[in-house]
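Report on the following structure.
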Amino acid sequence: MQPLGFFAILFAAVFTNNILLTNYLGMCSFLGCSRELKTSAGLGAAVVFVTATTSVLNWAVYAYVLAPLGLDYLRFIVFIVVIAAFTQLVEMIIERVSEALYQSLGLFLPLIAVNCAILGASLFLVIRNYTFWHACGYGIGSGVGWALAILAMAGIRQRLQQRARVPRGLEGPGIALVIAGTMALAFMGFNGMVSLN
Amino acid sequence: MAAKSNWALFRENLGSQNPVFVQILGICSTLAVTNVVKNTAVMCLGLIFVTSFSNAAISLLRNRIPPRVRMMAEVLIIACLVIIVDLFLKAFQPDISRQLGPYVGLIITNCIVMGHAEAVALTNPPWRSFVDGLSAGIGYAYVLLAIALVRELLGTGGIAGVPLLGAGWVNWAVMVMAPGGFFVLAVFIWIVKGLLLKPARKAGG
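Which chain is which? The protein sequence lines are A and B, in order.
Numbered as in our numbering, the first sequence ends at 184 without a single skipped number.
Numbered as in our numbering, the second sequence ends at 212 without a single skipped number.
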């Protein structure tokens, strides 16, 4: 297989291998926080930022510390600690620096530490043996892809609340899953443009 | 506090408080691994092991964990157990381990494990927490197995390589791909809620 470039990976992570719609990662907060456009925009921005930075950090930790020392099996613990510590740090910095930014972004950071999309992105990097630039592309792309999906979802759900009559049993999470399925079908239209794995 | 018996807690986690279709927790892995029944079964066993023992361990340490760092402590305990599962799979079931890929590691961030650690293990004695973790795991497992059965049957025309639907069956390929998972879970929730809602409506008058 030809090695993919930075932008190819970025594109693939956003569209063809969207971390939410094809790998189902980050579903909990996707379903829980997608009722309003504003909240999901804040959460989406926070996820883009955290995924991009932590996947690069974790890549570096894995490539320079864990792999040379043969501590491969410790990666779960190390990755989750890096992510948790990083989100905590960013939350503290944002709180000091800007009140407005804290209101829009900071509130979501603790939630994000347990978002599986972020840990998942780091684990995929390792499994697929990415190089540094691939890791950057994949981290940014995954975050952007997730944010795109949650924004689309929030937009659809807001409309749905005003116009549609949903069967009682499907209210809430049920209909959200149907929408997500339809979105996943739509995203399958991008298949074949670039492929990861 | 009027404590529910352990048995009542057990039944609640399987039915009215089921983690997957009532609380909508742990959906990520629910959808990702359910295209093949065998992988699903392995994943479920892993999750049952992790939830029950992490709950027991956290409960044993609950008076010693400082509240400020409790999330961190919980995650570390859970991660240790997940590493055990991962190494075990790599040693004895390398094929399945490869197919499951990152999803074994993602048990760490599975909301079921964290949710039960926070809600139950921090305030209850070890045995009760263990029962809670075990039943939450089983509640998760049977929903997953049901979904996996539907998906694999419709998507490949058989279970575990044994053809069941006959030669005339055209594989419904979308079922084993991403959108199928969303739709099957949505229908599952719809059916279950429909059944649960009826008695509630009657009781309400």
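Glycine is no exception: its CB is placed at the ideal position from the N, C-alpha and C atoms.
Partner residues on chain A for residue i, Cβ-Cβ distance less than 7 angstroms
| i | result |
| --- | --- |
| residue 201 of chain B | 156 |
| residue 115 of chain B | 63, 67 and 106 |
| residue 94 of chain B | 60 |
| residue 31 of chain B | 18 and 160 |
| residue 192 of chain B | 164 |
| residue 140 of chain B | Result: empty, since nearest Cβ-Cβ is about 17 angstroms, beyond 7 angstroms. |
Same chain, Cβ closer than 6 angstroms to residue i, neighbours up to 5 away in sequence not counted
| i | result |
| --- | --- |
| residue 169 of chain B | none |
| residue 64 of chain B | 84 |
| residue 49 of chain A | 113 |
| residue 212 of chain B | For residue 212 of chain B, the predicted model reports a pLDDT of 36, less than 50, meaning its position is unreliable; a value from the coordinates is still stated below. So no residue of the chain qualifies. |
| residue 46 of chain A | 112 and 122 |
| residue 25 of chain B | 146 |
| residue 164 of chain B | 170, 172, 176 and 178 |
| residue 165 of chain A | none |
| residue 18 of chain A | 160 and 163 |
Where residue i meets chain A, residues with beta-carbon distance less than 8 angstroms
| i | result |
| --- | --- |
| residue 197 of chain B | 154, 156, 157 and 161 |
| residue 182 of chain B | Those do not exist, as residue 182 of chain B stays about 11 angstroms from chain A at its closest Cβ, beyond 8 angstroms. |
| residue 38 of chain B | 11 and 14 |
| residue 86 of chain B | 63, 64 and 67 |
| residue 90 of chain B | 60, 61, 63 and 64 |
Same chain only: Cβ atoms within 7 angstroms of residue i, ignoring 5 sequence neighbours per side
| i | result |
| --- | --- |
| residue 41 of chain B | 47, 151, 154, 155, 158 and 188 |
| residue 161 of chain B | 179 and 182 |
| residue 138 of chain B | 13, 16 and 17 |
| residue 126 of chain A | 38, 39, 42, 43 and 108 |
| residue 72 of chain B | 80 |
| residue 38 of chain B | 188, 189 and 192 |
| residue 62 of chain A | 49, 53 and 113 |
| residue 5 of chain A | 132, 136 and 174 |
Under 9 angstroms by beta carbon: chain B residues contacting residue i
| i | result |
| --- | --- |
| residue 79 of chain A | Correct list: empty, because the minimum Cβ distance to chain B is about 13 angstroms. |
| residue 8 of chain A | 185, 186 and 189 |
Chain B contact residues for residue i, given Cβ-Cβ distances below 8 angstroms
| i | result |
| --- | --- |
| residue -8 of chain A | Neighbours of residue -8 of chain A on chain B: none; closest Cβ ~24 angstroms, over 8 angstroms. |
| residue 167 of chain A | 189 |
| residue 71 of chain A | 78, 79 and 82 |
Neighbourhood of residue i by C-beta, 8 angstroms cutoff - its chain only, sequence neighbours within 5 removed
| i | result |
| --- | --- |
| residue 166 of chain B | 44, 156, 159 and 160 |
| residue 8 of chain B | Here residue 8 of chain B scores only 38 on pLDDT, less than 50, and its place in the model should not be relied on; the value that follows carries that caveat. Excluding residues within five positions, none has a Cβ falling inside 8 angstroms. |
| residue 128 of chain A | -4, -3, -2, -1, 0 and 1 |
| residue -12 of chain A | Because residue -12 of chain A carries a pLDDT of 43, less than 50, the predicted location of this residue cannot be relied on, and the following value inherits that uncertainty. None. |
| residue 103 of chain B | 45, 46, 49 and 96 |
| residue 26 of chain A | 20 and 141 |
Supposed contact pair residue j and residue i - C-beta distance, whole angstroms, cut 8 angstroms
| i | j | result |
| --- | --- | --- |
| residue 114 of chain B | residue 60 of chain A | Going by Cβ atoms, the distance from residue 114 of chain B to residue 60 of chain A rounds to 15 angstroms, so no, they are not a contact pair. |
| residue 92 of chain B | residue 57 of chain B | 6 angstroms |
| residue 36 of chain A | residue 124 of chain A | So it is not a contact: roughly 16 angstroms between Cβ atoms. |
| residue 162 of chain A | residue 147 of chain A | 7 angstroms |
| residue 59 of chain B | residue 141 of chain B | 4 angstroms |
| residue 133 of chain B | residue 67 of chain B | 5 angstroms |
| residue 174 of chain A | residue 8 of chain A | 5 angstroms |
| residue 139 of chain A | residue 170 of chain A | 6 angstroms |
| residue 35 of chain B | residue 13 of chain A | 7 angstroms |
| residue 112 of chain B | residue 55 of chain B | Contact flag wrong, Cβ pair sits at about 17 angstroms. |
| residue 22 of chain A | residue 144 of chain A | 6 angstroms |
| residue 70 of chain B | residue 136 of chain B | Contact flag wrong, Cβ pair sits at about 13 angstroms. |
| residue 98 of chain B | residue 64 of chain A | Not quite, the Cβ-Cβ distance comes to about 19 angstroms (not below 8 angstroms), so this is no contact. |
Chain-ordered chain B contacts of residue i [CB-CB under 7 angstroms]
| i | result |
| --- | --- |
| residue 114 of chain A | 108 and 109 |
| residue 171 of chain A | 185, 186 and 189 |
| residue 111 of chain A | 109 |
Interface residues of chain A facing residue i [CB-CB closer than 9 angstroms]
| i | result |
| --- | --- |
| residue 34 of chain B | 11, 14, 15, 17, 18, 160 and 164 |
Note down, one range per segment and in chain order, each alpha helix (DSSP H) of at least 4 residues found wholly within the stretch 79 to 118 of chain B. 101 to 107
Do the stretch 119 to 130 of chain B and the stretch 81 to 92 of chain B meet, that is, are 3 or more Cβ pairs less than 8 angstroms apart? yes
Just to confirm the assignment: which complete alpha helix (DSSP H) runs, minimum length 4, are found wholly within the stretch -6 to 62 of chain A? 14 to 19 and 24 to 48
Would you be able to state if there are at least three C-beta pairs under 8 angstroms between the stretch 121 to 140 of chain A and the stretch -1 to 14 of chain A? yes
So, do the stretch 149 to 167 of chain A and the stretch 65 to 75 of chain A have three or more beta carbon pairs nearer to each other than 8 angstroms? no
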